[in-house]
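Residue numbers (the working numbering), protein chains in the order written: chain Y, 14 to 380; chain Z, 609 to 884; chain W, 1350 to 1635. Worksheet for the structure shown next.
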């Protein structure tokens, strides 16, 4: 049973088409993350759900009620803003209780709720302070507390961690995940950081140019993207894409000829009929170094050592650059000529229209 | 000389030069202030008296003259009164233009600015006649009307830019928290812009207080504010420099201090936000 | 919020300003075409453009226009040039900068009549004034500033009043100048003069334009300083347009001619205002 149903949602600004027919079903209690490049419409979608932007077409239904034309103040949603948007003239306690006071909730009940929220977010010692006397992380917690205290139907988060420094961001990410576990309330979260998306989400919605590219669990998106955009957007460093020169099918095996070499691929993993052209996609961790007889060869241009692993940037014979994930103590040096194996069980094939035509192998190892 | 010493020397020279020019430009004000503590004889002595026994007699005499208090009162009533009225009229207009702009908002703002460009001499005659026919000549009410209209565009502009600068997300947060437009204005916007409203008011008071054209032309004795009263000292009968200085010091001191506090707002207000 | 409510909120301001603009201006236009002297009531007949002819052929007219322009241009040059120099001088920190700043801007807050009287009496008085004393100390003949150089005296007073405004605007504008840009120029080998000439001056182009326009609006209408000190004299030597119109209206009670003059002033100010409003409108985002 869907809790929040978005159908054919459109948003135009004067000449700019920000949302082009969004359809999305959200189940109750789900943690949904909108992710996409800047300008893809993810914030607009969130703000339209919030009622801060008015839709130009389509409908939004929440808990069985059409809220498309309902003012944001009456939608029973809470939002955490990127800048936190705390009321600078109010103390932390007043910030937390503002919505309840507007709703004319009895005083003792307000105090009870504020106390329980401030205890759970460790805000007790800060209740009498003004926002400008708080650190970034503390402000962030107040903003979250302000949303929680109202017990809304859905929480909306608009890039809430982007103003925090790296260490704090990791910590707050964990706290948010814990919070979701504890409250079990539906949460919709916008971010441009795919690590946040992958770690927090039950399901991720990938948006591009005002449209949904794919919806799925983080692992689904990583292993079985629908198209080249999703495949390249998810995963750091990016997936390597190598053009296949020619290919032939024989005895249930597809042979892909590329770079004066060939790679075999089980034909039963191809959806539908063979396309006109194929591009092979392979993630850096599914390439491995071999002594000789590799699928392809290349010359090391640069090695990045990250401590726990290293990435080798390799120039292929056709001058294309690919990235290979190597062990942390790899002895690769610049200008080394290397032989590389492609783990075809993890490869993804694209047709000439950038759509994925392969299905991931059952039980394939996930390195 | 090391680079560091060179730099220090440069700073020293810059500082000395700046101090010299600043003292030079400030000298007339300083001299007025000093003269106000002299006797009339010391005030016109040649060479000028620098060291003397200061006396407060001038201030006492100026205070005792009931007309000084009347004129000071006129200044206070007209500048504070017109500022208050203008703020009441301007706040809703600026609020509506800043938060609910329409396609014509920009045109309206520029048109308001253009009314400020109308030279006072161009409308002196009809205003004078209208005031005469309606018994507004030499009345505080008349001056308050003029001052209100005179400063309304500046006040709307300044408030507009303050409202405009409020972080939009805070207002959106209030809306998400269930605030109606009225709640938003009273509980969020006004408390947040109280500083801006105050400095706008301060600027308006300064401009009214120092206004001379309308004050000189529309008032005589009853409603004349300090600007007009001081002008009467220009009459050649007798030299009362010390008393003039005392009266001037009292008339200017509060405004100079106000002005120091709102320099930045003054720039924004007078240039209509064109220089930030 | 409903469109009607937003209109209602703006209505008082818009209506008041509309009345403030239209009523007196149309009255001025009307008066300028009739014979209307407060000393001879009841003879208000239509005279066409005669009032304009009267105003333009007034013996003081040419002088007044010339004086208005001389006053305007001199004060503009003095305030802008000195303003740029002084604001650049106090842009970098030095001992007591905030006090210097306060001293420099103070004259702007002195009311025009006090300004005029301080200068007339304590500075420029040929017998007891500071200037006279300085001249005598140097063995020179003291100058009767207001009698001999009335227009220049008024220019000095007005410039003294408006120089702080220019400084204020330029100092504010200089603070928004990109320091990294200046540092980059230093690394490129630019001297202080190069930076001032090729970075600071272009950066100040817009503020200078704004100062020129706003000061023009006010300087075209200088009144109190003349009223208090020279009374336009001797003769017409320090009469500007504003004072000439005042003279026609409230001293000679000739409403018709004064109105014609008033429209002349409106026209002059509108030319300036046109450019100012365009400049301001350009960076107004609604």
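In this text, a Cβ means the ideal position worked out from N, Cα and C, and glycines have one as well.
Item                                                                                                                                                                                        : Value
Taking DSSP as the reference, what is the three-state secondary structure of residue 791/Z?                                                                                                 : helix
Which partner residues does residue 294/Y have in the DSSP bridge list?                                                                                                                     : 254/Y and 361/Y
Does residue 747/Z get closer than 8 Å to chain W when you measure Cβ to Cβ?                                                                                                                : no
Would you decide whether residue 782/Z is buried or exposed? Buried here means 16 or more other CB atoms lie within 10 Å of its CB.                                                         : buried
Considering only DSSP beta bridges, list what residue 1461/W is partnered with.                                                                                                             : According to DSSP, which records beta bridges pairwise, residue 1461/W is partnered with nothing at all.
Would residue 45/Y and residue 202/Y be called neighbours here (beta carbons separated by less than 8 Å)?                                                                                   : yes
Less than 7 Å between C-beta atoms, sequence neighbours within five positions excluded: which residues of the same chain meet that for residue 814/Z?                                       : 863, 866 and 867
Could you tell me if residue 1550/W is buried or exposed, where buried requires 16 or more neighbouring beta carbons within 10 angstroms of its beta carbon?                                : exposed
Quick one: Cα of residue 1531/W to Cα of residue 208/Y, how far?                                                                                                                            : 39 Å
Could you give the C-beta distance for residue 1608/W and residue 1377/W, rounded to a whole number, given that I count them as a contact under 8 Å?                                        : 5 Å
Can you list, in chain order, the residues of its chain whose CB lies under 8 Å from that of residue 242/Y, leaving out five sequence neighbours each side?                                 : 219, 221, 226 and 367
Taking residue 202/Y as part of the beta strand (DSSP E), name the residues at either end of that continuous run.                                                                           : 199 to 204
Please confirm whether residue 1517/W has its beta-carbon closer than 8 Å to some beta-carbon of chain Z.                                                                                   : yes
Counting only Cβ-Cβ distances shorter than 7 Å, please list the residues of the region 88 to 108 of chain Y near chain Z, keeping chain order.                                              : 90, 91, 92, 94, 96, 98, 100, 101 and 102
Just the Cα atoms here: how many angstroms apart are residue 306/Y and residue 352/Y?                                                                                                       : 7 Å
With a 10 Å radius around its C-beta and 16 neighbouring C-beta atoms as the bar for buried, classify residue 380/Y as buried or exposed.                                                   : Confidence at residue 380/Y is low in this model, with a pLDDT of 39, below 50, so the placement of that residue is unreliable and no value is reported for it.
Pull up the distance between the alpha-carbon of residue 747/Z and that of residue 666/Z, whole angstroms please.                                                                           : 29 Å
Taking one C-beta from the region 1512 to 1522 of chain W and one from the region 1557 to 1569 of chain W each time, how about it: are there three or more such pairs within less than 8 Å? : yes
Would you call the region 1459 to 1475 of chain W in contact with the region 1583 to 1599 of chain W, where contact means no fewer than 3 C-beta pairs closer than 8 Å?                     : no
Beta-carbon within less than 6 Å of residue 1590/W's beta-carbon, same chain only, minus the 5 sequence neighbours each way: which residues are those?                                      : 1413, 1417 and 1614
Listing by chain order, which chain Z residues have their CB less than 7 Å from the CB of residue 85/Y?                                                                                     : 783 and 784
Among 656/Z, 613/Z, 732/Z and 716/Z, which one has its Cα closest to the Cα of residue 1362/W?                                                                                              : 716/Z
Does the beta-carbon distance from residue 834/Z to residue 859/Z come in below 8 Å?                                                                                                        : yes
What does residue 168/Y touch in chain Z if you count any residue whose Cβ is under 9 Å from its own?                                                                                       : None at all; the shortest Cβ gap to chain Z is about 11 Å.
Report all residues from its chain with a CB closer than 6 Å to the CB of residue 303/Y; omit the five preceding and five following residues, and keep chain order.                         : 352 and 354
Compare the beta carbon distance of residue 361/Y and residue 250/Y with 8 Å and say whether it is the shorter of the two.                                                                  : no
Cβ of residue 1570/W less than 8 Å from any chain Z Cβ?                                                                                                                                     : yes
How would you label residue 378/Y, buried or exposed, when you count the other beta carbons within 10 angstroms and need 16 or more for buried?                                             : Legend: pLDDT at residue 378/Y = 46, less than 50; position of this residue unreliable, no value from coordinates given.
Of all Cβ atoms in chain Y, is any one closer than 8 Å to the Cβ of residue 791/Z?                                                                                                          : yes
To the nearest whole angstrom, what separates the beta carbons of residue 876/Z and residue 758/Z, a pair I think is in contact under 8 Å?                                                  : Actually they do not touch by this definition, with Cβ atoms about 18 Å apart.
What are the start and end residues of the alpha helix (DSSP H) that includes residue 715/Z?                                                                                                : 713 to 724
Pull up the distance between the alpha-carbon of residue 347/Y and that of residue 321/Y, whole angstroms please.                                                                           : 20 Å
How long is the line joining the alpha carbons of residue 213/Y and residue 186/Y, rounded to whole angstroms?                                                                              : 7 Å
Using a Cβ-Cβ cut-off of less than 8 Å, list which residues of the region 1585 to 1610 of chain W approach chain Z; keep chain order.                                                       : 1590, 1591, 1594, 1595, 1598, 1599, 1604, 1607, 1608 and 1610
How many angstroms separate the CA atom of residue 780/Z from the CA atom of residue 1455/W?                                                                                                : 42 Å
What residues from the region 663 to 694 of chain Z come within 8 Å of chain Y, judged by C-beta to C-beta, listed N to C?                                                                  : none
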